[in-house]
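Each residue of the sequence shown is one higher than the one before, counting from 1 in full-length UniProt numbering.
Even glycine gets a Cβ: it sits at the ideal position worked out from N, Cα and C.
Just below is one structure, and these are the notes that go with it.
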Amino acid sequence: MGNSHPVAVIGSVNMDIGGHPFGRYLPGDSNPGRIRLSLGGVGANIARNARALGLEVEFVTAIGGDSFADLVERELLREGLRLDAALRAPEESTSTYLYVTDERGDMVSAVSDMRITLRQTPDFFRDRLNFLNATRAVMLDANLSQDSLCFLAENLRVPIFADAVSVAKAVRLRPVLRYLHTLRPNRLEAEALTGILISNPDAALRAARTLVEAGLNRVLITLGEGGVCYADSGTAFCVPALPTCLKNATGAGDAFSAAVLWAWTEDLSSRDTCLYALAAASIAAEDEETVSANLSLRAIKQRLESEGFA
């Protein structure tokens, strides 16, 4: 599987089908608009963004045998991701994600068919443990089953990063919080994990401290337009969001998570990690595509300089 030492991202890859109305979104009605087909999935988005930031990435995912499979694999390889440890399941359907946004680009509804993810079992990962433990760090997305998350948490010997994915899936991470180096939940996911209603920055700080007390090394709770709340065993603070001309918020959190992983490989401070990740999220949210072709380290630095950060 190669002799270099990339980071590994373990998670989903989807064929995304996105609907974007031309005018004001009307629930329960047929909205004239545009439908776009693109690569997606939290794991894939994080992996692609991490690659755009210069990391070597081994993407451990599951790819089916339907009409989407060749397209998905070809695109992942074209973007420079490694798929040596991925699962190929010819008898399965490739994971597919159907979503609709409102006129501002905020998601209003979605349906996902991710049954193939269940093929990434503890036995599947047992055969890849030596490989995974030879990487620099592992990023998990919570689309994995709880059994697989627990197996990986208990057997990986490298730093483990995790993205909570959604409210329903965030709770799968509860049994493994003490094993995680870094967790990136959004406000709703942090509420589900802590039971704390996050209505203001002080509440976000309480939730972040609660997660650290549960055994996390550090947590970054993203708050959308409210920025991010960071906490580790020694400090807790909030950083405001950067000004953003929102077009599609779907991939902003995934870009944020990728930048957090990159920042760790560069040994950035906690505050600089937040700033780089917020800039990455801002760039992603200003693009109609879920993964922005405009994301790069240079673009992040230019965004921060334009907002007065050295």
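Among the options, the one whose alpha carbon lies nearest that of residue i
| i | options | result |
| --- | --- | --- |
| A190 | K169, V260, R78 | K169 |
| S282 | S306, E266, V60, L268 | S306 |
| R303 | E286, R157, T290 | E286 |
| residue 331 | P32, P122, H5, S38 | Absent from the structure is residue 331, since the part of the chain shown begins at 1 and ends at 310. |
| E301 | V171, G43, A280 | In the sequence on display, residue 301 carries Lys and not Glu. When only C-alpha atoms are compared, the closest one is A280. |
| A110 | Y97, L87, V212, L81 | Y97 |
| E213 | V158, G227, T235, A258 | T235 |
| N45 | E75, R174, R34 | E75 |
| G251 | V219, L295, D267 | L295 |
| residue 342 | A249, R119, A241 | An answer regarding residue 342 cannot be provided, because it is not within the stretch 1 to 310 covered by the chain. |
| V291 | G308, D254, L268 | D254 |
| A62 | P240, V171, V9 | V9 |
| Y99 | D141, F309, N248 | N248 |
| L193 | L177, M114, S67, H181 | L177 |
| T210 | N200, G224, D232, L81 | D232 |
Beta bridge counterpart(s) of residue i as assigned by DSSP
| i | result |
| --- | --- |
| F22 | According to DSSP, F22 bridges with nothing at all. |
| G40 | N14 |
| N186 | T222 |
| S112 | Y97 |
| V7 | V57 |
| G33 | P21 |
| L87 | A62 |
| D141 | D163 |
| R82 | E58 |
Span of the beta strand (DSSP E), counted from its first residue to its last, around residue i
| i | result |
| --- | --- |
| E73 | That residue, E73, is in no beta strand (DSSP E); its alpha helix (DSSP H) goes 69-78. |
| Y99 | 96-101 |
| A285 | Careful: A285 lies outside any beta strand (DSSP E), inside the alpha helix (DSSP H) at 270-285. |
| A231 | 228-232 |
| F161 | 160-163 |
| A236 | 236-239 |
Nonlocal neighbours in the same chain, by C-beta distance under 6 Å from residue i, ignoring five residues either side
| i | result |
| --- | --- |
| T101 | H20, M107 |
| S270 | Y230 |
| A277 | F256, A259, V260 |
| F68 | M15, T94 |
| R82 | E58 |
Endpoints, the alpha helix (DSSP H) within which residue i is located
| i | result |
| --- | --- |
| V167 | 167-170 |
| D123 | 122-126 |
| A204 | 201-213 |
| D254 | 252-265 |
| C150 | 146-155 |
| L129 | 129-132 |
| K247 | Segment: none, K247 is in no alpha helix (DSSP H) and carries neither H nor E. |
| L304 | 297-306 |
Beta-carbon contacts of residue i that lie in its chain and below 7 Å, excluding the five residues immediately before and after
| i | result |
| --- | --- |
| R104 | L246 |
| M1 | With a pLDDT of only 40 at M1, under the threshold of 50, the placement of this residue in the model should not be trusted; the figure read from the coordinates follows. D84, A85, F131, listed in sequence order. |
| I198 | R187, A190, E191, A204, A207 |
| G64 | A89, E92, S93, T94, I116 |
| N3 | Reliability fails at N3, whose pLDDT of 43 lies under 50, so the model's placement of it is uncertain and the value that follows must be treated cautiously. Result list for N3: empty, nothing under 7 Å. |
| T244 | S282, A285, E286 |
Close-in-space but distant-in-sequence residues of the same chain around residue i (CB under 8 Å, 5 per side omitted)
| i | result |
| --- | --- |
| V7 | A50, L55, E56, V57, E58, T135, R136, A137, V138, M139, L261, T265 |
| R128 | V60, A85 |
| T121 | S145, D147, S148 |
Would you check if the segment 157-168 and the segment 182-193 touch, i.e. whether three or more CB-CB distances between them fall below 8 Å? yes
Mind the definition here: the segment 26-40 touches the segment 146-155 only if three or more C-beta pairs lie below 8 Å; say whether that holds. no
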